[in-house]
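Numbering (this note's numbering), first residue to last: 917 to 1436. Every residue gets a Cβ at the ideal spot worked out from N, C-alpha and C, and that includes glycine.
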Amino acid sequence: MNSFDIAWAKALVALMGVSVEEDPLTREIDRKQKNERLFEIIISLLQERANKKPLMLVFEDVHWIDELSSRLLEKLAFRLSEMKVMLLLVSRPEGQFGEDSVAPNEELIRLKEFKSEEAKDFLIHKFKLDTSHEEFLDQILNRSSGNPFFLESIVHNLIEEGTLIKLEDGTLSPSDKTRDIQIPNTLNDVLLARVDRLQEREKIVLKTASVIGRLINVDTLNHLLPVEFRSQIDNILQSLEGLDLTPLEVTEPLTYIFKHIVIRDIVYNTLLHSTREDLHKKIASFIEKENENNLTEMADILAFHYQQCSDFEKASKYSLMAARKARSKYANRDAIYHYGKTLETLAQFEKTKSETYYEIKLELAHVHRQFGEYSIAEVLFKECLENKSTLNLIRSYTGLGQVYQEQDDISRAMETLENALRITGIRPPGSRPDTILKIVLQLTLVLRFSFFGPSYTSSNKAERLRLRCIILATLAKMYIMKDVKSLVGPYLLNIMRLKDLKIRFVLLLRNVLLGKFLWE
């Protein structure tokens, strides 16, 4: 902790998902700047650790990475040349760290299907398989098409059905049943055959675990299973681990993992729809109870489980919570995804578009605007104009004006913001002094609202006043810039005609200072 200000410790812990009140020194800092500072702290801590002993950092399933973690890894990768650190990212081909994003200090290793000799070597080293029975071996190799996981699953299946037996020296060799060998045609068929061969209690545990997800938290699993299973759960999980279906992931909290997401999906799809819904509902209720003081951090998981059990009202609630959490962390891509899910689930239980629907859509539009996706933001703000409530119109026109302003379309921005200002109840100012006067008058009202609170006026009036001040402040900047351009423009034209560079420089400096004066 000596390498960075102690005030940032709580902010770092909060970034990791722990519910903690931030230090006043960091709480009000812009989220984007805060993230950048936290990334620097994390990288500096890694560098200190690597200076003592070289590090290898391995990240699996990077194709599912969240936006903040992705940005951190990109920054870390950029700094690797300064550190004794090796970064290994394991991802599917469709992941964001593909061939197009490979930097000079990075190397892309694309894993392909095994060739015949590679597959034989794999079987020898992994299973000590006797490869002298060529016809038998060819059947396995041809069916697997060089897919390592398919190959591995075929061998496990053959062991479990007794086609392959272990000799005294540990070698796997075909039994006398090889004449009747039947290898399922697909990976799914192989995995289903393995699941069907399990004992009934193992099947129940495995199927129940599949509803939790790929990671199997044992506390959650215990809550879902019948009481009579709980004394046997450890033995059952160890048995499934021995079959290489759900290896142990971590001991604290005790968690297992489906060896491959395909195993989880196949097992999950064997459940009746009504059974799935019932289990998803139980999981969601359990997570809510266990995390009642930190629901925001579990919002995305809760949203998923409530959507799967068709409780769309709660799914919408937690999707919105997840969206706002992501937005507060400046994780715009994640925020966009969760806002989309919120609108999707909202439509499942609201027959008409409510005020809430438009409020959420406005928030989504602002995320696209802040992310620089102006064309999408413009479409969303215009769609929000369908709702004719006064506050919604003010918010929609204000957002639309900001979209135009940030694209330097000043005339459309001013026209749109002036329209928004009219809806708030005051006439748009026609000049810079008039704007400043109006801002001063509005600020006095803001102070009164701050002191007297809701008892002084309705929340709608307070919100209208807040929006009015935002519009006036934005218009003031544009009016001032317009004045600067009108004053400085003619001078710049005359300056460019001058041949004497010294005179041109002096006049240009004077105009810059003049512009600065007008701005301030």
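Answer with buried or exposed for residue i, where buried requires no fewer than 16 other C-beta atoms within 10 angstroms of its C-beta.
i, result
"residue 1164", "exposed"
"residue 1229", "exposed"
"residue 1237", "buried"
"residue 1304", "exposed"
"residue 1314", "buried"
"residue 1250", "buried"
"residue 1372", "Note that residue 1372 has pLDDT 47, beneath the 50 cutoff, so the model's placement of it is unreliable and no number is given."
"residue 1167", "exposed"
"residue 1265", "exposed"
"residue 1426", "Because the pLDDT at residue 1426 is just 49, under 50, the model does not fix this residue reliably, and the value given afterwards should be weighed accordingly. Residue 1426 is exposed by the Cβ-count criterion."
"residue 937", "exposed"
"residue 950", "buried"
The alpha helix (DSSP H) spanning residue i covers which residue range?
i, result
"residue 1044", "Where residue 1044 is concerned, there is no enclosing alpha helix (DSSP H), given that its DSSP letter is neither H nor E."
"residue 1166", "That residue, residue 1166, is in no alpha helix (DSSP H); its beta strand (DSSP E) goes 1164-1167."
"residue 1330", "1326-1340"
"residue 1314", "1306-1322"
"residue 1148", "No alpha helix (DSSP H) contains residue 1148, which DSSP labels as neither H nor E."
"residue 1290", "1290-1300"
"residue 949", "947-968"
"residue 1115", "Careful: residue 1115 lies outside any alpha helix (DSSP H) and carries neither H nor E."
"residue 1277", "1271-1286"
"residue 1056", "1050-1060"
"residue 926", "925-931"
So for residue i, helix, strand or coil by DSSP?
i, result
"residue 1376", "helix"
"residue 1088", "strand"
"residue 1102", "coil"
"residue 1228", "helix"
"residue 1241", "helix"
"residue 1173", "strand"
"residue 1002", "strand"
"residue 1188", "coil"
"residue 1254", "helix"
"residue 940", "helix"
"residue 1397", "helix"
"residue 1222", "helix"
"residue 1214", "helix"
"residue 1026", "coil"
With residue i and residue j assumed to form a contact (beta carbons below 8 Å), what rounded beta-carbon distance in angstroms separates them?
i, j, result
"residue 1235", "residue 1219", "4 Å"
"residue 1032", "residue 1057", "6 Å"
"residue 948", "residue 1255", "The pair is not a contact, with the Cβ atoms about 18 Å apart (cut-off 8 Å)."
"residue 1045", "residue 1088", "5 Å"
"residue 1069", "residue 1106", "5 Å"
"residue 1130", "residue 1173", "6 Å"
"residue 1300", "residue 1277", "5 Å"
"residue 1193", "residue 1226", "6 Å"
"residue 966", "residue 991", "With a Cβ gap of about 15 Å, residue 966 and residue 991 do not count as contacting."
"residue 1135", "residue 1090", "About 43 Å separates the two Cβ atoms, so there is no contact after all."
"residue 1329", "residue 1394", "7 Å"
Could you pull the start and end residues of the beta strand (DSSP E) that residue i belongs to?
i, result
"residue 1074", "Premise fails: residue 1074 lies in the alpha helix (DSSP H), 1064-1076, not in any beta strand (DSSP E)."
"residue 974", "971-975"
"residue 1131", "1131-1133"
"residue 1082", "1080-1082"
"residue 978", "Where residue 978 is concerned, there is no enclosing beta strand (DSSP E), given that its DSSP letter is neither H nor E."
Tell me whether residue i, by its Cβ, gets closer than 8 Å to a heavy atom of the ligand HEM.
i, result
"residue 1267", "As presented, the structure is devoid of all ligands, the ligand HEM included, so that no description of it is given."
Say whether the segment 1193-1210 touches the segment 1168-1178, bearing in mind that this needs 3 or more beta-carbon pairs closer than 8 Å, one atom from each stretch. no
Contact the segment 922-933 vs the segment 953-970: 3+ CB pairs below 8 Å: yes
Is the segment 1262-1272 touching the segment 1284-1297 in the sense that three or more CB pairs, one from each, lie closer than 8 Å? no
Stretch-stretch touch, CB-based, cutoff 8 Å, three pairs: the segment 1137-1152 with the segment 1111-1125: yes
Is it true that the segment 1057-1066 meets the segment 1021-1041, where meeting means three or more beta-carbon pairs spaced less than 8 Å apart? yes
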